[in-house]
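Take a look at the structure set out below.
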Amino acid sequence: ADPALTNFFESWVEAKGVADLKGFVMGLAERDRLLTVWNIFMERFPVIVLPNSPTPFLETELDTRGREGALATLDGIRFQFPCPVLGLPGISVPLGTFKGQPLGVQMISRRFREDLLLSAAEIIEASEGTFTPIDPVTG
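Numbering-wise (the working numbering), the sequence shown opens with residue 1004 and increments by one.
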């Protein structure tokens, strides 16, 4: 077992709790409500561009630094939850670097409109160029 990963999930459960059956059903109802709101919004704005994170980047191995690091990581990735929770397509596009770290944006669209995301990503990539991946060992 990976102690850092175990700590991350234990911290998540401790902070957010685990739903009972009633909470689970209420969560599904809230998910449907949120999906409806997103769909109405996306009728006017079919592609939403937003940052991957509320900060330019998360510190390396932040999630391995005990409970506070795990909760800071959860806070830092909160913009990435709508896609998997609501079943929406998303894509992330690199835009370069900030203070030596990779920087990008994510885009979200309506269900089954991956074509819009791929077109938008192609436009950004044509404008910004491509970036060489950062070697995880040498930086």
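Glycine included, every Cβ here is placed at the ideal spot set by N, Cα and C.
Nothing here was measured: the structure is a model prediction, and the numbers come from that model.
{"query": "Beta-bridge partners of MET1045, as assigned by DSSP", "result": "In the DSSP output, where bridge partners are listed per residue, MET1045 has none listed."}
{"query": "Contacts around PHE1060, its chain only, beta-carbon distance under 6 Å, and the 5 residues preceding and following it disregarded", "result": "GLN1104"}
{"query": "CB-CB length for SER1112 against LEU1091, believed under 8 Å", "result": "7 Å"}
{"query": "First through last residue of the beta strand (DSSP E) which encompasses GLY1099", "result": "1093-1101"}
{"query": "Alpha-carbon to alpha-carbon, SER1122 and MET1110", "result": "11 Å"}
{"query": "Inter-residue CB distance, ILE1094 and LEU1120 (contact presumed, cutoff 8 Å)", "result": "5 Å"}
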